[in-house]
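> Here's a structure for you.
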Amino acid sequence: MDFESRREDIVQRCQLGQRAAFKELFEMYQPRLKYYVRRLDNNGVNLDDILQDVWLTVIKKIPKLKSPKSFAVWLYRIARNKVYDGFRRKERFARLPEDDEIPVSGGDEPVFDASDAEKLHQTLKELKPCHREVLALCFMEQMSYQAIAEVVGCNIGTVRSRIFYAKQALRKEMDRHNG
Amino acid sequence: MDNKQKLWQGLLKADGIDPAGATESERLAFGKMLDKQLKTKPSKPAGRLDIGRILMKSRITKYAAAAVIVMAIIIGIYRFSGSIDCSRVAFGEVLGYIQKHSYTFDYTIGTGTEEQGSAITMKAMVWELGRMRVDCSAGAGVGKISSIADFNTGQSLLLFHQSKAGVIKKESVLNRNTGGEGIVSFCTKPIENLWNTLDGKEEQLGEKKINGQIVIGFRVLQEDPYFQYDITIWADSKSGFPSLVEAIAKPLDKSYPSIKWTMENFDIDVKLDEVMFSLDLPPGYTLAYHEDLDQRQVKTKPSAESEKIVQMLELWTEGRKNEAVQILLKINWTEPIEFGKEPYIFSLTEKGYISLKAEDQKRVSEEVSATTATVKKIVQEVLDLGQTASSVKQYEEAEKYYNAVLQLGKLLDRDPNSMIIVRLVGLAIEKKALKAMISLYTATDNQEKLQVAVKQLQAAETEGDKIKKEVMGR
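Protein chains in written order, with our numbering: chain A, 9 to 187; chain B, 5 to 478.
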């Protein structure tokens, strides 16, 4: 069974209230969710609280999720909202800048190899939060632009341009670090 | 492992996160959260026996383990109540209530520690000495179960109300060798020991107050090669009316948790309906766990159209995707589509599934799981083809694709007696097809077809919600 089918099966079993399925889902997503949330909230102070909040919402609301296939989008959307709620509570909420919605002209996107992972991770810190976020989703979930757009709540063009420029910025930073 | 997978795993590692899964503390926190939200049993550290986990592990073990636990408890109650030495007056009075009256009480079995305690609470009823019923909920997916036993004849009946299935046992329920699972000895051994040890060696515990009531207590300590037992019985100090019975079995192997039994909230001389203690299968219930899959007979024979569906599945599995899709498009949905014995996804009903022997249920589950995965992939492929056709304004072509998907979904959902999981998959497929159709008819401004599709989508959503609610036992 491939990853998507397995995930869909697990989500369906969660919707039936199967405890074991919830545990499988948790094991499957907790590491990636943690990475994503850390990229949104660099301080990581509330990480555990946020993640617990996310899973609490998942447990409560998963029976109402209409399409098990859209689970990942739904999950990351919940996580994003929780992080933003935390920002608001701390009165340090600032909208992620959307100043890079420049149409992409079709140039080649940089490609990253698995061996780049360590450097990539370090360089991600240098990027703007809105870039970090889309790249995290892109790398973690291999989400389509459409799906990322649904998570971050902007249009697909914005996502496309953010990923394009983020990858370029990332490559540039990595090359700079490499001398 | 492909490059993308290696990449995200590398990123996680660089951030100090184990890509393989959650940390132990996260697991514990999540387990507690699940306990609270699902109102079931807390999880235990790996290596420990967890009754709740065993119950929920799979559909088959859920039924089997639930059955074993309930029977073990009945055995325990009967042996306990029927064998205590009545030499002491206060004890004799307590036993008088237990042995000579009809009554109900709450019965809880769980692990002995409060913070890790996994507990199952049941309602136990005694019609007369030796005739008992225990009702409990085994959670979503299994629902409510009742175990009815007549210890005078040795017969028992186990009912799964959600699936309307029952298991009749003619042999003595006191036969400890039936089942053979570890959980049997785990549940029954301490109870057996409890029965054997209550031979008048009880210690007087004196009086205390429970919920404002003055009660008198008795305690028995015992040990066998596996457990140490600590049993206390509290009863009203004046009437001998039982108030609370607790038994804790501490395993000598410390890697296992303690087990605790609690009987409380006794209600003596309550009016009980004898029908509730009948050992006949109630009307509408199916006999479970007896049928051999290979011996199963079906009346129908495969029709030409159903053979196309089987062929489509085979072609897809062989990687001949285009041919599989073409076969799907050629199916005449107005012709009768009858299946033979296989594939089980199309031929087996929920009751038929329940009636199968446990090992055959596993076989069927695996086949159904694999087939539904294939069907979902085919559906996605055909929907993508429809979308492509629609994007180049080949609307009729797109409609043909969407309709094939819709009909395939309907086929899975056509029989209300089909396996629940199959019906849910069918409904999900129908909804996907109808959503695509709604987009298509909106684009082509075909109001008539649009209205029909919207209504069909609403009906499918309602039906799906109804099934889920039934499964959740709401």
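Ideal Cβ positions, reconstructed from N, Cα and C, are used throughout, including at glycine. Only a predicted model underlies this, so the values are computations on that prediction, with no experimental measurement involved.
Can you name the residues that DSSP bridges to B:CYS140?
The secondary-structure analysis by DSSP pairs B:CYS140 across a beta bridge with B:ILE149.
> Hey, is B:GLN365's beta-carbon within less than 8 Å of any beta-carbon in chain A?
False, the Cβ-Cβ gap to chain A never drops below 8 Å.
> Quick check on DSSP: helix, strand or coil for B:ASN215?
coil
> Listing by chain order, which chain B residues have their CB less than 7 Å from the CB of A:HIS129?
LEU15, ALA18 and ASP19
> Taking Cβ to Cβ, would you say B:ILE349 is nearer than 8 Å to B:THR321?
no
> Do the region 237-249 of chain B and the region 217-226 of chain B touch if we need at least three Cβ pairs shorter than 8 Å?
yes
> So B:ALA169 and B:ALA292 are supposed to be a Cβ contact under 8 Å. How far apart are they, rounded?
Between B:ALA169 and B:ALA292 a beta carbon distance of about 4 Å is seen, short of the 8 Å cut, so the two are scored as contacting.
> Who are the neighbours of B:PHE34 on chain A, taking C-beta pairs under 7 Å?
Per Cβ cutoff of 7 Å: PHE34 and TRP63.
> Quick one, are the C-beta atoms of A:ILE171 and A:VAL142 less than 8 Å apart?
yes
> Quick one: which chain A residues come within Cβ less than 9 Å of B:LYS25?
Residue identity check: residue 25 of chain B is Gly in the sequence provided, not Lys. Correct list: PHE34, GLU35, MET36, GLN38 and PRO39.
> In chain order, what residues of the same chain have a beta carbon less than 8 Å from the beta carbon of A:LEU41, not counting five sequence neighbours either side?
LEU59, VAL62, LEU83, TYR84 and ALA87
> Find the residues of chain B that neighbour A:TYR43, judging by a C-beta separation of less than 7 Å, and give them in chain order.
LEU15, LEU16, ASP19 and ILE21
> Decide yes or no for the touch test of the region 307-321 of chain B against the region 360-373 of chain B: beta carbon pairs closer than 8 Å, at least 3 of them.
Taking 8 Å as the limit for Cβ pairs, the verdict is that the region 360-373 of chain B does not touch the region 307-321 of chain B.
> Is it true that the region 136-152 of chain A meets the region 172-182 of chain A, where meeting means three or more beta-carbon pairs spaced less than 8 Å apart?
By the Cβ rule, the region 136-152 of chain A counts as touching the region 172-182 of chain A, because three or more pairs are nearer than 8 Å.
> Give me the chain A residues within the contact set of B:LEU11, using Cβ-Cβ distance strictly less than 8 Å, ordered along the chain.
PHE120, ASP121, ALA122, ASP124, ALA125, LEU128 and PHE147
> Counting only the same chain and skipping the five closest in sequence on each side, list residues whose C-beta sits under 6 Å from that of B:ASP298.
none
> In terms of residue numbering, what span does the beta strand (DSSP E) encompassing B:ILE263 cover?
263-272
> In this structure, does DSSP put B:GLU339 in helix, strand or coil?
coil
> Just to confirm, is the Cβ distance from B:TYR399 to B:LEU444 under 8 Å?
Contact check for B:TYR399 against B:LEU444 passes: the beta carbons are separated by less than 8 Å.
> B:GLU354 versus chain A: which residues are under 7 Å apart at the beta carbon?
Correct list: empty, because the minimum Cβ distance to chain A is about 14 Å.
> Count the other C-beta atoms from every protein chain shown that fall within 10 angstroms of the C-beta of B:HIS294, then say buried if there are 16 or more, exposed otherwise.
exposed
> Are the Cβ atoms of B:LEU283 and B:ILE152 separated by less than 8 Å?
Yes, Cβ-Cβ distance for B:LEU283 and B:ILE152 is below 8 Å.
> With a Cβ-Cβ cutoff of 8 Å, do B:PRO347 and B:VAL383 count as a contact?
no
> At 9 Å on the CB atoms, spell out the chain B contacts of A:LYS68, in chain order.
For A:LYS68, the C-beta contacts it makes with chain B under 9 Å involve GLN41, in order along the chain.
> Under a three-way DSSP split, which group does B:PRO255 fall into?
strand
> Closest by CA to A:ASP121, which one among A:GLU35, A:ARG179, A:ASP17 and A:GLN23?
A:ARG179
> To which residues of the same chain is B:LYS472 closer than 6 Å at the C-beta, ignoring the five residues directly before and after it?
Once the five neighbours on either side are set aside, B:LYS472 has no close Cβ partner at all.
> Cα separation between B:THR266 and B:PHE245?
16 Å
> Quick one: is B:THR290 buried, meaning 16 or more other Cβ sit within 10 Å of its Cβ, or exposed?
buried
> Quick one: list the residues of chain B neighbouring A:TYR46, beta-carbon separation under 8 Å, in chain order.
Reading off the sequence, residue 46 of chain A comes out as Arg, not Tyr. Near A:ARG46 (Cβ distances below 8 Å), the residues of chain B are ASP19.
> Can you list the residues of chain B that A:PHE172 reaches, using a CB-CB cut of under 9 Å?
In chain order: nothing, as chain B lies at least about 18 Å away.
> What is the DSSP secondary structure of B:GLN301, reduced to helix, strand or coil?
If DSSP states are grouped into helix, strand and coil, B:GLN301 belongs with coil.
> Does the beta carbon of A:ARG27 come closer than 8 Å to any beta carbon on chain B?
yes
> Just to confirm, are B:MET37 and A:LEU24 a CB contact at a threshold of 8 Å?
no
> Give a yes or no on whether the minimum CB-CB distance between A:GLN20 and chain B is below 8 Å.
yes
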